[in-house]
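Participant:
2 protein chains.
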Amino acid sequence: MSRATVFLVDDHQLFLSGVRAELGDAVDVVGAASDVDAAIEMIRERVPDVVLVDVHMPAGGGARVIREIGASHPDVRFLALSVSDAPEDVIATIRVGARGYVTKTIGPADLVDAILRVREGDAVFSPRLAGFVLDAFAGAAPPAADPELEQLTPREREVLRLIARGYAYKEVARDLGISVKTVETHVSSVLRKLQLSSRHQLARWASDRRLI
Amino acid sequence: MSRATVFLVDDHQLFLSGVRAELGDAVDVVGAASDVDAAIEMIRERVPDVVLVDVHMPAGGGARVIREIGASHPDVRFLALSVSDAPEDVIATIRVGARGYVTKTIGPADLVDAILRVREGDAVFSPRLAGFVLDAFAGAAPPAADPELEQLTPREREVLRLIARGYAYKEVARDLGISVKTVETHVSSVLRKLQLSSRHQLARWASDRRLI
DNA sequence: CCCGCTATCGGGAATGTCCCCGAGGCGCGC
DNA sequence: GCGCGCCTCGGGGACATTCCCGATAGCGGG
Chain A
81 MSRATVFLVD DHQLFLSGVR AELGDAVDVV GAASDVDAAI EMIRERVPDV
131 VLVDVHMPAG GGARVIREIG ASHPDVRFLA LSVSDAPEDV IATIRVGARG
181 YVTKTIGPAD LVDAILRVRE GDAVFSPRLA GFVLDAFAGA APPAADPELE
231 QLTPREREVL RLIARGYAYK EVARDLGISV KTVETHVSSV LRKLQLSSRH
281 QLARWASDRR LI
Chain B
81 MSRATVFLVD DHQLFLSGVR AELGDAVDVV GAASDVDAAI EMIRERVPDV
131 VLVDVHMPAG GGARVIREIG ASHPDVRFLA LSVSDAPEDV IATIRVGARG
181 YVTKTIGPAD LVDAILRVRE GDAVFSPRLA GFVLDAFAGA APPAADPELE
231 QLTPREREVL RLIARGYAYK EVARDLGISV KTVETHVSSV LRKLQLSSRH
281 QLARWASDRR LI
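Residue numbers (the working numbering), protein chains in the order written: chain A, 81 to 292; chain B, 81 to 292.
1. Between the Cα of residue 244 of chain B and those of B:99, B:203, B:259, B:288, spot the shortest distance and give me the residue it belongs to.
2. Give the DSSP-derived three-state secondary structure of residue 181 of chain B in the structure shown.
3. Check whether chain B comes within 8 angstroms of residue 278 of chain A, counting only Cβ atoms and requiring the distance to be less than that.
4. Per DSSP, what kind of secondary structure is residue 145 of chain A in: helix, strand or coil?
5. Would you verify that the beta carbon of residue 149 of chain B is, or is not, closer than 8 angstroms to some beta carbon of chain A?
6. Name the two residues that bound the continuous beta strand (DSSP E) containing residue 157 of chain B.
7. How should residue 215 of chain A be labelled, buried or exposed, when 16 other C-beta atoms within 10 angstroms of its C-beta is the threshold for buried?
8. Let me know if residue 169 of chain A comes out buried or exposed under the rule of 16 or more other beta-carbons within 10 Å of its beta-carbon.
9. Suppose the cutoff is 7 angstroms on Cβ atoms and the five residues either side in sequence are ignored; what does the same chain contact list for residue 85 of chain A look like?
10. DSSP state of residue 276 of chain B, grouped into three classes?
11. Buried or exposed, going by whether 16 or more other CB atoms sit within 10 Å of the CB of residue 191 of chain A?
12. Can you have a look at residue 118 of chain B and say buried or exposed, based on whether 16 or more other CB atoms are within 10 angstroms of its CB?
13. Which first and last residues belong to the beta strand (DSSP E) in which residue 112 of chain B is found?
14. If we ignore side chains and look at the alpha-carbon of each, how far apart do residue 188 of chain B and residue 102 of chain B end up?
15. Spatial neighbours of residue 114 of chain B within its chain, please: C-beta separation below 8 angstroms, excluding the five flanking residues on both sides.
16. Tell me, please, whether the CB atom of residue 194 of chain B is closer than 8 angstroms to any CB atom in chain A?
17. Identify, in the order they occur along the chain, each residue of the same chain with its Cβ nearer than 6 angstroms to the Cβ of residue 177 of chain A, setting aside the five sequence neighbours on each side.
18. Is residue 85 of chain B helix, strand or coil by DSSP?
19. Could you tell me which chain B residues have their CB closer than 9 angstroms to the CB of residue 172 of chain A, listed as they occur along the chain?
20. Take residue 210 of chain B as the anchor and find which of B:274, B:167, B:120 has the nearest alpha-carbon.
21. Hey, how far is the Cα of residue 83 of chain B from the Cα of residue 228 of chain A?
22. With 8 angstroms as the threshold, decide whether the Cβ of residue 129 of chain B is near any Cβ in chain A.
23. Just checking: is the beta-carbon of residue 207 of chain B within a distance shorter than 8 angstroms of some beta-carbon in chain A?
24. Can you give me the C-alpha to C-alpha distance between residue 222 of chain A and residue 213 of chain A, rounded to a whole angstrom?
25. Could you check the C-alpha separation between residue 260 of chain A and residue 266 of chain A for me, to the nearest Å?
26. Quick one: is residue 268 of chain A near chain B, going by C-beta distance under 8 angstroms?
27. Which residues, taken in chain order from the segment 243 to 254 of chain A, show a beta carbon closer than 9 angstroms to some beta carbon of chain B?
28. Taking CB distances under 8 angstroms as the criterion, tell me whether residue 281 of chain B reaches chain A.
29. Residue 186 of chain A and residue 159 of chain A: beta carbons closer than 8 angstroms?
30. Does DSSP put residue 131 of chain A in a helix, a strand or coil?
31. Between which two residues does the alpha helix (DSSP H) harbouring residue 244 of chain B extend?
32. Using only the alpha-carbon positions, how far apart do residue 271 of chain A and residue 179 of chain B sit?
33. Can a CB atom of chain B be found closer than 8 angstroms to the CB of residue 179 of chain A?
34. Does the Cβ of residue 224 of chain B have 16 or more other Cβ atoms within 10 Å, making it buried, or fewer, making it exposed?
35. So, are the CB atoms of residue 133 of chain B and residue 142 of chain B less than 8 angstroms apart?
36. On the criterion of 16 or more Cβ atoms from any shown chain inside 10 Å, does residue 206 of chain B qualify as buried, or is it exposed?
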């Protein structure tokens with residue numbers, strides 16, 4: 081197989097040339113850009129195997145590059161390279177379609193290895209980061225005790241769950257073995273506590289928090 | 081740090097003793113079980129660092145072990161060990177809470193390494209399998225043009241989107257610059273075409289398909 | 001030209017939802 | 001014991017949703 085073609089996107093010029101120098105021999109750097117719009121245009125033109133992209137950039141960040149190119153060029157793989165190891169950043173980046181996420185503390189040899197593995201379709205993460213994605217995927221709510229949810233009583237949470245799933249009051253009442261009136265009471269409490277004004281918004285609230 | 085304590089779950093006795101023999105020195109095998117119920121009971125008792133679990137077993141499979149133990153013992157990590165490398169199996173297993181998934185073709189040294197990495201909180205996958213999880217996580221929906229959605233007119237889809245976001249008819253009407261009555265008509269059509277019976281189920285339908 | 005599809009509205013009625021008022025029982029801590 | 005929060009219910013009213021019935025208008029194909 082020929083050498084991997086790689087495109088670099090980073091708004092820090094110095095880092096860009098550093099990476100380019102380190103990668104020089106091992107892969108074929110076909111281009112680089114330091115802003116989002118230029119990156120999108122050049123990537124469309126050169127169609128590299130792998131795009132090494134910084135997550136934090138002006139004008140939409142690396143996420144916009146991944147989203148736009150991913151939609152039109154599904155064969156291009158993305159490896160995110162970031163200073164941040166925050167779960168939100170990792171998850172958000174994977175969600176838009178990156179196949180890997182490594183921090184900038186990575187060494188040159190490991191970076192080359194990561195690029196090659198991403199090209200082969202593998203997923204590559206700095207050691208601790210993979211767990212974030214799996215936690216998000218599996219639900220992993222236990223450590224994320226929502227303070228909004230905390231103030232609801234157990235019964236209210238039960239009712240909320242069913243309402244959010246699209247059940248009518250009558251069905252909730254039958255499922256829980258209580259009267260429709262009691263369901264109304266619980267829903268009213270939930271709406272008041274969550275500062276909402278209708279069961280429709282309630283369904284959306286729950287869906288946003290993946291409680292269903 | 082002391083040696084990792086590991087519990088084995090597999091319905092094939094021969095494989096079980098094989099794994100036990102191979103792991104013998106490197107980790108501390110604190111027990112093994114060849115059916116789901118026995119496994120759950122013994123794991124609750126011995127609380128190992130890592131549970132090495134076969135995915136395909138009678139009485140619920142490894143998934144049930146992971147789900148039940150995971151709910152009561154969040155510190156216990158699971159490494160799935162399976163003959164299958166099918167995306168459905170991998171995704172389903174990760175979804176219930178496993179932190180890694182390797183196929184039974186793995187060698188002893190790599191298996192030990194995988195167990196230790198899982199204990200540290202890393203996620204471990206056989207090379208090609210990680211991509212499955214990321215694909216599922218990123219949505220990977222674009223090629224899946226929903227036939228149910230296909231039969232809706234553009235205007236109906238527009239109304240559906242807003243309804244699913246928790247808007248009241250009145251708000252939808254204002255947003256689209258039409259009367260509430262027209263919104264009603266569209267909603268009626270959508271409900272009929274999708275075989276649903278209320279706007280609440282509609283919200284759930286849309287949320288299931290990530291249209292919001 | 002007419003037919004079908006789509007989008008736009010209306011009246012009216014049944015039902016569901018939301019909120020206001022009130023009430024009693026139960027458990028828990030001070 | 002007494003208060004307080006939780007869960008349970010009811011009446012009644014305002015409003016929203018759903019489904020009937022009907023109508024008009026544009027637009028494209030046979």
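Quick reminder that beta carbons are idealized off the backbone N, C-alpha and C, glycines included.
Facilitator: The short version:
1. B:288
2. strand
3. yes
4. helix
5. no
6. 157 to 162
7. buried
8. buried
9. 108, 110, 128, 129
10. coil
11. buried
12. exposed
13. 108 to 113
14. 6 angstroms
15. 89, 90, 91, 92, 93, 96
16. no
17. 146, 150
18. strand
19. Residues of chain B passing the Cβ test: none, with the nearest at roughly 11 angstroms.
20. B:167
21. 41 angstroms
22. no
23. yes
24. Per-residue confidence for residue 222 of chain A stands at a pLDDT of 45, beneath the threshold of 50, marking its modelled position as unreliable; no derived number is given.
25. 10 angstroms
26. no
27. 243, 244, 245, 246, 247, 248
28. yes
29. no
30. strand
31. 234 to 244
32. 37 angstroms
33. yes
34. Only weak support is given to the placement of residue 224 of chain B: the predicted model assigns it a pLDDT of 46, under 50, and the question is left unresolved by the model.
35. yes
36. buried
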